[in-house]
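Step one of this worksheet: look at the structure below.
Numbering (UniProt numbering), first residue to last: 1 to 134.
Here it is in structure tokens:
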């Protein structure tokens, strides 16, 4: 497989949110993401989180006066493939050091070589100790 061409788009995964401060703690302090930017305009507040060198990021969006529904499925997952054992363990230790406890995955595949954590609004992130392959 060849490296992606420079013309490939950047992926943004966007989802509604309620408590941006709690989610910032979960994804930045716990999961190790960086806050790439934030915004507050036209009745919307948001955070753009990720890793500066990555071609993807997560947008958490709060709309003024609107209560976002809690996640309604254990299969709403962000999966981070971390094949390096030491980096994987560092990620798990950081989550637990910040008070986040692993939860069993709905699909047992993710527990075979990974660990799942649930954010304050019910969405899940899996730290998978594998390389991603087609």
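Virtual Cβ for every residue (Gly too), placed ideally from N, Cα, C. Owing to the predicted nature of the structure, the values given are computational and were not obtained by experimental measurement.
Check: Opposite residue 124 in the DSSP bridges: which residues?
Finding: 77, 118
Note to self: Check for me: the beta strand (DSSP E) holding residue 136 runs from which residue to which?
What the structure shows: Within the shown structure, residues of the chain are numbered from 1 to 134, placing residue 136 beyond reach of any answer.
Checklist line | Helix, strand or coil at residue 30 according to DSSP, with G and I counted as helix | finding: helix
Checklist line | Other residues of its chain near residue 126: CB distance less than 6 Å, five sequence neighbours each side excluded | finding: 77, 79, 110, 114, 116
Margin query: If contacts are defined as beta-carbon pairs under 8 Å, then residue 98 and residue 30 qualify, I think. What distance do you get, rounded to the angstrom?
Written below: 4 Å
Checklist line | Where residue 1 falls: helix, strand or coil (DSSP) | finding: Note that residue 1 scores 41 on pLDDT, short of 50, meaning its location in the model is unreliable and no value can be drawn from it.
Checklist line | Nearest-angstrom Cα separation, counted from residue 33 out to residue 61 | finding: 16 Å
Notebook entry, point to check: Is the beta carbon of residue 12 less than 7 Å from the beta carbon of residue 59?
Noted result: yes
Check: Among all the DSSP beta bridges, which residues are the ones paired with residue 40?
Finding: 45
Next item on the list: For my contact list, residue 124 and residue 83 are in at a C-beta cut-off of 8 Å; report their separation, rounded to the angstrom.
Entry: Between residue 83 and residue 124 the Cβ distance is about 20 Å, and since that is not below 8 Å, they are no contact.
Notebook entry, point to check: In the structure shown, what three-state DSSP assignment does residue 136 receive?
Noted result: For the chain, the structure presents residues 1 to 134; residue 136 sits outside this window and is missing.
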